[in-house]
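J.: Residue numbers (our numbering), protein chains in the order written: chain A, 1 to 206; chain B, 207 to 412; chain C, 413 to 618; chain D, 619 to 824. Where a beta carbon is used, it is the ideal one built from N, C-alpha and C, also for glycine. Starting off with a structure, shown below.
Protein chains: 4
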Amino acid sequence: MGSTTTPRRSNTRQRIQDVALKLFLEQGYEKTALREISDELGVTKAALYYHFKTKEDILVSLFLDLGRKMDELIAWGKRQPRELTVKQELLARCSVIFHDAAPLFDILIANQATLDALSVGQDFKDRVAALSDLLQEENSSLNARVRCATSLLTLHFGTFAIRQLDGDPEEKRLALLAGATELLTSAHEGVLSGVAGPSAGVPPEG
Amino acid sequence: MGSTTTPRRSNTRQRIQDVALKLFLEQGYEKTALREISDELGVTKAALYYHFKTKEDILVSLFLDLGRKMDELIAWGKRQPRELTVKQELLARCSVIFHDAAPLFDILIANQATLDALSVGQDFKDRVAALSDLLQEENSSLNARVRCATSLLTLHFGTFAIRQLDGDPEEKRLALLAGATELLTSAHEGVLSGVAGPSAGVPPEG
Amino acid sequence: MGSTTTPRRSNTRQRIQDVALKLFLEQGYEKTALREISDELGVTKAALYYHFKTKEDILVSLFLDLGRKMDELIAWGKRQPRELTVKQELLARCSVIFHDAAPLFDILIANQATLDALSVGQDFKDRVAALSDLLQEENSSLNARVRCATSLLTLHFGTFAIRQLDGDPEEKRLALLAGATELLTSAHEGVLSGVAGPSAGVPPEG
Amino acid sequence: MGSTTTPRRSNTRQRIQDVALKLFLEQGYEKTALREISDELGVTKAALYYHFKTKEDILVSLFLDLGRKMDELIAWGKRQPRELTVKQELLARCSVIFHDAAPLFDILIANQATLDALSVGQDFKDRVAALSDLLQEENSSLNARVRCATSLLTLHFGTFAIRQLDGDPEEKRLALLAGATELLTSAHEGVLSGVAGPSAGVPPEG
DNA sequence: TATGAATGAGTATTCATTCAT
DNA sequence: GATGAATGAATACTCATTCAT
Numbered sequence: 001m002g003s004t005t006t007p008r009r010s011n012t013r014q015r016i017q018d019v020a021l022k023l024f025l026e027q028g029y030e031k032t033a034l035r036e037i038s039d040e041l042g043v044t045k046a047a048l049y050y051h052f053k054t055k056e057d058i059l060v061s062l063f064l065d066l067g068r069k070m071d072e073l074i075a076w077g078k079r080q081p082r083e084l085t086v087k088q089e090l091l092a093r094c095s096v097i098f099h100d101a102a103p104l105f106d107i108l109i110a111n112q113a114t115l116d117a118l119s120v121g122q123d124f125k126d127r128v129a130a131l132s133d134l135l136q137e138e139n140s141s142l143n144a145r146v147r148c149a150t151s152l153l154t155l156h157f158g159t160f161a162i163r164q165l166d167g168d169p170e171e172k173r174l175a176l177l178a179g180a181t182e183l184l185t186s187a188h189e190g191v192l193s194g195v196a197g198p199s200a201g202v203p204p205e206g
Numbered sequence: 207m208g209s210t211t212t213p214r215r216s217n218t219r220q221r222i223q224d225v226a227l228k229l230f231l232e233q234g235y236e237k238t239a240l241r242e243i244s245d246e247l248g249v250t251k252a253a254l255y256y257h258f259k260t261k262e263d264i265l266v267s268l269f270l271d272l273g274r275k276m277d278e279l280i281a282w283g284k285r286q287p288r289e290l291t292v293k294q295e296l297l298a299r300c301s302v303i304f305h306d307a308a309p310l311f312d313i314l315i316a317n318q319a320t321l322d323a324l325s326v327g328q329d330f331k332d333r334v335a336a337l338s339d340l341l342q343e344e345n346s347s348l349n350a351r352v353r354c355a356t357s358l359l360t361l362h363f364g365t366f367a368i369r370q371l372d373g374d375p376e377e378k379r380l381a382l383l384a385g386a387t388e389l390l391t392s393a394h395e396g397v398l399s400g401v402a403g404p405s406a407g408v409p410p411e412g
Numbered sequence: 413m414g415s416t417t418t419p420r421r422s423n424t425r426q427r428i429q430d431v432a433l434k435l436f437l438e439q440g441y442e443k444t445a446l447r448e449i450s451d452e453l454g455v456t457k458a459a460l461y462y463h464f465k466t467k468e469d470i471l472v473s474l475f476l477d478l479g480r481k482m483d484e485l486i487a488w489g490k491r492q493p494r495e496l497t498v499k500q501e502l503l504a505r506c507s508v509i510f511h512d513a514a515p516l517f518d519i520l521i522a523n524q525a526t527l528d529a530l531s532v533g534q535d536f537k538d539r540v541a542a543l544s545d546l547l548q549e550e551n552s553s554l555n556a557r558v559r560c561a562t563s564l565l566t567l568h569f570g571t572f573a574i575r576q577l578d579g580d581p582e583e584k585r586l587a588l589l590a591g592a593t594e595l596l597t598s599a600h601e602g603v604l605s606g607v608a609g610p611s612a613g614v615p616p617e618g
Numbered sequence: 619m620g621s622t623t624t625p626r627r628s629n630t631r632q633r634i635q636d637v638a639l640k641l642f643l644e645q646g647y648e649k650t651a652l653r654e655i656s657d658e659l660g661v662t663k664a665a666l667y668y669h670f671k672t673k674e675d676i677l678v679s680l681f682l683d684l685g686r687k688m689d690e691l692i693a694w695g696k697r698q699p700r701e702l703t704v705k706q707e708l709l710a711r712c713s714v715i716f717h718d719a720a721p722l723f724d725i726l727i728a729n730q731a732t733l734d735a736l737s738v739g740q741d742f743k744d745r746v747a748a749l750s751d752l753l754q755e756e757n758s759s760l761n762a763r764v765r766c767a768t769s770l771l772t773l774h775f776g777t778f779a780i781r782q783l784d785g786d787p788e789e790k791r792l793a794l795l796a797g798a799t800e801l802l803t804s805a806h807e808g809v810l811s812g813v814a815g816p817s818a819g820v821p822p823e824g
């Protein structure tokens, strides 16, 4: 008792995921060869296949958690009344989820052409579409619809894009959320003047 | 009047570009084999090499026009005073350029991981950064900076994303521009009410 | 005119087929690696892929002629009346075809487990079944049916097996054919005493 | 009465053999991965290695019984005088052995290319050759020799081939044996007119 | 009796690119 | 202006086998 034996279960599986995440981020999913992953880990390619059935399987395993969280949020959203405050809360919770999984979003965004052909890409698209639906108001104007869609998009792509700005990450997240929420809120205010004007549509100032 | 000589250059070069654009869009740059392009054209792979030095070269040729237009806009922006109206005009002109080159943006966005390693991707990133700089105000709050960045982003990714929404393309473009302009404008108004609700929480502004 | 230029079309395709046939015979289809074929030819594996789409494609190309000849024979057989003499002629023509394609039969027989999963194996089985059908008499006894089936089989497997016997090939072929024809003929004679006897069925002598 | 000890040896070894036999039959020896065997048994691949030294060893174990029986028959044959009746009895006993071990014959025949490189294949070939020798008459004509060889062959390949014919298995076996015996018997009758004739050697019909 | 983890050598296939003609 | 033939380097994946526990 009180045995000090080392754990029988090695942590190789976890280490594969870590290295894969890193390399997928740095080089993209397609351009990352399994050999690179195994080399970095000091194991053989075949070892990867002991832990994962395919290369895609490694990728999928990385997204399991995120998928679960998004599904929970969607389920929650469906149980709520369709009110602006609920939608704002939805956006806020999205913001948290997205930022927690920031590296995964990088991969998702940077490898779209590749992931679109994979279940992982389709699943994610479906979930974002479900969330987007929850934000939409029926029978609203095109302007409103574009704004609703854009509000989620801002979070989605913004998460990925604001990293290069200086500043505290949490502050930046909140600033991004603020912008997105504004977009969403403005879509729910009756007065959305059909904006368009001179020179390619810039609204006349003043 | 007008030249009477028929063009000596066959249109194969152009046809290669057309097919390449189509396939890069449908399948991604990396997953499109040169054989697919040549097959669709009814020529051999080797024929492509008569017209273009490398596969990347085909891609680059597709982006020449867009690059030129963006450079012109950046140059124009630099000659203008740093005023909100100028920035709004900048956004509007961007909107036009982006929408005219919509398919190229699809490629850019969907193939980021790949294009980041290529000159074409870096050049574009540089240009967007230059435009983003033109929108920024010095010494502004983080909130303002995020919004400025987001306004351009909205245009950039939105162009790509609103295609799945119903509605007239031009109307959608203007709606998207309106949202972006709003974001930009709000960044230049002192009062940035922190919109957001409970939980996940935007800090209440004093 | 009277140009002495070497042929532009290299004979590589043919040489691939020759080497493949040889190695498939010596080692079996599955155990023959494409690398072995290309090595023996002094080209790279990729060169094989210029001439054939897949490994299976090389195999298939080897069987094209044989398939055609068997189809012609089957077609011929179907046009003839169902008489013993016709069947004997069928067997005789089979004998010629089989012996001409002897190496292919070796491959077919020795690699059954593998080829059964490939079109080449199925196609061949179908053709042999069609020939076997042409030899059968309707409403004949089990004894007769087994003999008819066996007569073709004798040719099929015998072709492959008598090679190790000494003697002139053509003589051996005729001897094999004679045995097969006997089997077929006896199936068409009324008197097929239900053979069976003592100790596991040896016919009682004399 | 009887031993009261339960068998210490688990039946895993037997179960491995059963599953292996089934899969070797269905898919061929080479295409059956050890993982498939262990999966079907609900054990790990490594477990197989506790019971058998190699994959080939599993195969070999399957053929032990058949080999013994054939050796006994050969030994018996060698002790007998070289008479037609003995040869007929030899054929009859062969028929029984072959039919009892029908699945093994399927494997042997369908995997020749593979098994030829293995002891199991060579051993079997040797035994069949020994049996064939026992059937042969010294100084007989080519025709007679081909017939003797063919008679055994008919049994060997026929066993495998008549399964697709309708009818009672035992009846079919006897019919096959009858054909084979006829071939053998005719080889021992003096008059074997050198059959050959017009058009690829069909005997002229009376 | 068995397993978890890993290996090493191999396989078919793909692709951008080259070059003599 | 284009082709036929070929290359070299890479890739995902499979499999029998080993061994400490």
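Under 7 Å between C-beta atoms, does Asn143/A make it to chain B?
T.: Output row for Asn143/A: interface = yes.
J.: Whose C-beta lies closer than 8 Å to the C-beta of Leu297/B among residues of the same chain, with five residues either side of it excluded?
T.: Excluding positions up to five away in sequence, the list reads Leu341, Ser357, Leu358, Leu361, Leu383, Ala386, Thr387 and Leu390.
J.: DSSP three-state label for Asn143/A, please.
T.: Of the three classes helix, strand and coil, the one that applies to Asn143/A here is helix, per DSSP.
J.: Give the interface partners of Val326/B over in chain A, defined as CB-CB distance under 9 Å, in chain order.
T.: Per Cβ cutoff of 9 Å: no residues; Val326/B is ~14 Å from chain A at best.
J.: Counting contacts by CB-CB distance shorter than 7 Å, is Glu583/C in contact with chain D?
T.: Judged by the 7 Å Cβ criterion, Glu583/C is in contact with chain D.
J.: If you compare alpha carbons, which of Arg274/B, Ser267/B and Ala252/B is closest to Phe304/B?
T.: Checked all of Arg274/B, Ser267/B and Ala252/B; the closest Cα to Phe304/B is Arg274/B.
J.: Apart from the five residues just before and just after Arg763/D, which ones in its own chain have a Cβ nearer than 7 Å to its Cβ?
T.: Result list for Arg763/D: Gln754, in chain order.
J.: Give me the chain C residues within the contact set of Val764/D, using Cβ-Cβ distance strictly less than 7 Å, ordered along the chain.
T.: Under the 7 Å cutoff, chain C gives Ile574, Leu577, Lys584, Ala587, Leu588 and Gly591.
J.: What runs of the alpha helix (DSSP H), each 4 residues or longer, lie entirely inside the stretch 502-550 of chain C?
T.: List check, alpha helix (DSSP H) in window: 514-522, 524-527 and 531-547.
J.: According to DSSP, is Asp580/C helix, strand or coil?
T.: Reduced to three states, the DSSP call for Asp580/C is coil.
J.: Hey, quick one: how far does the alpha helix (DSSP H) through Glu843/D stretch, first residue to last?
T.: Any property of residue 843/D remains undetermined from this structure, which presents chain D solely from 619 to 824.
J.: Taking the alpha carbon of Trp282/B as the reference point, which residue from Ala336/B, Ala252/B, Val266/B and Lys237/B has its own alpha carbon closest?
T.: If we check each option's Cα against that of Trp282/B, Ala336/B comes out closest.
J.: Less than 6 Å between C-beta atoms, sequence neighbours within five positions excluded: which residues of the same chain meet that for Asn729/D?
T.: Cβ neighbours of Asn729/D beyond the five flanking positions: Gly646 and Tyr647.
J.: Comparing alpha-carbon positions, which option in Thr85/A, Leu25/A, Leu34/A and Ile16/A lies nearest Ser186/A?
T.: Among Thr85/A, Leu25/A, Leu34/A and Ile16/A, the Cα nearest to that of Ser186/A belongs to Thr85/A.
J.: Using a C-beta to C-beta distance shorter than 7 Å, which residues of chain D count as neighbours of Glu468/C?
T.: By Cβ distance, chain D contributes nothing, its closest Cβ being about 14 Å from Glu468/C, past 7 Å.
J.: Indicate whether at least one CB of chain C lies closer than 7 Å to the CB of Asn757/D.
T.: Asn757/D does not count as touching chain C.
J.: Excluding the 5 residues preceding and the 5 following Val738/D in the sequence, name in chain order all residues of the same chain whose CB lies nearer than 7 Å to its CB.
T.: Once the five neighbours on either side are set aside, the close Cβ partners of Val738/D are Leu677, Val678 and Phe681.
J.: Counting only beta-carbon atoms, is Gln112/A nearer than 7 Å to chain B?
T.: By this cut-off, Gln112/A is an interface position.
J.: Any beta carbon of chain C sitting closer than 7 Å to that of Glu648/D?
T.: Closer than 7 Å to some Cβ of chain C, the Cβ of Glu648/D qualifies, so yes.
J.: Give me the subset of the stretch 496-520 of chain C whose CB atoms are less than 7 Å from a CB atom of chain D, sorted by chain position.
T.: Answer in chain order: Thr497, Gln500, Glu501, Ala504, Arg505, Ser507 and Val508.
J.: Can you find a CB in chain D that lies within less than 7 Å of the CB of Gly489/C?
T.: No - not a single Cβ of chain D is within 7 Å of the one on Gly489/C.
J.: For Leu433/C, which residues of its own chain have a beta-carbon under 7 Å away from its beta-carbon, when the five flanking residues on both sides are left out?
T.: Cβ within range, chain order: Leu474 and Pro515.
J.: Using the Cα positions of Leu23/A and Ser628/D, report the straight-line distance between them to the nearest angstrom.
T.: So the alpha carbons of these two residues sit roughly 48 Å apart.
J.: So Ser598/C contacts chain D; which residues on that side make the cut at Cβ distance below 9 Å?
T.: Chain D residues near Ser598/C: Gly797 and Glu800.
J.: Roughly how many angstroms separate the alpha carbons of Arg633/D and Ala101/A, rounded to a whole number?
T.: In a straight line, the C-alpha of Arg633/D is about 48 Å away from that of Ala101/A.
J.: Using beta carbons (cut-off 7 Å, strictly below), is Asn775/D in contact with chain C?
T.: It is worth fixing the name first, because residue 775/D is Phe in this sequence and not Asn. Yes, because at least one Cβ of chain C sits closer than 7 Å to the Cβ of Phe775/D.
J.: From which residue to which residue does the alpha helix (DSSP H) around Ile280/B run?
T.: From DSSP, the alpha helix (DSSP H) with Ile280/B extends over Lys261 to Arg285.
J.: For the alpha helix (DSSP H) containing Lys649/D, list its first residue and its last residue.
T.: It is not in any alpha helix (DSSP H) - Lys649/D carries neither H nor E in the DSSP assignment.
J.: Going by Cα to Cα distance, which pick from Asp580/C, Pro581/C, Val431/C and Thr456/C is closest to Thr444/C?
T.: The candidate whose alpha carbon is nearest that of Thr444/C is Val431/C.
J.: Taking the continuous alpha helix (DSSP H) assigned at Lys669/D, which residues delimit it?
T.: Correcting the residue identity first, residue 669/D is His in this sequence and not Lys. Looking at the DSSP string, the run of the alpha helix (DSSP H) that includes His669/D is Lys663 to His669.
J.: Report yes if the CB atom of Leu279/B is closer than 7 Å to the CB atom of Arg299/B, and no otherwise.
T.: Yes, these two residues count as a Cβ contact at 7 Å.
J.: Using a threshold of 7 Å, state whether the C-beta atoms of Glu262/B and Leu324/B are closer than that.
T.: Yes.
J.: To the nearest angstrom, report how far apart Lys537/C and Asp477/C are at their CA atoms.
T.: Near 16 Å, if we compare the C-alpha coordinates of Asp477/C and Lys537/C.
J.: So, using beta-carbon positions, are Gly167/A and Leu348/B closer together than 7 Å?
T.: Yes.
J.: Helix, strand or coil for Gly364/B, going by three-state DSSP, please let me know.
T.: Helix.
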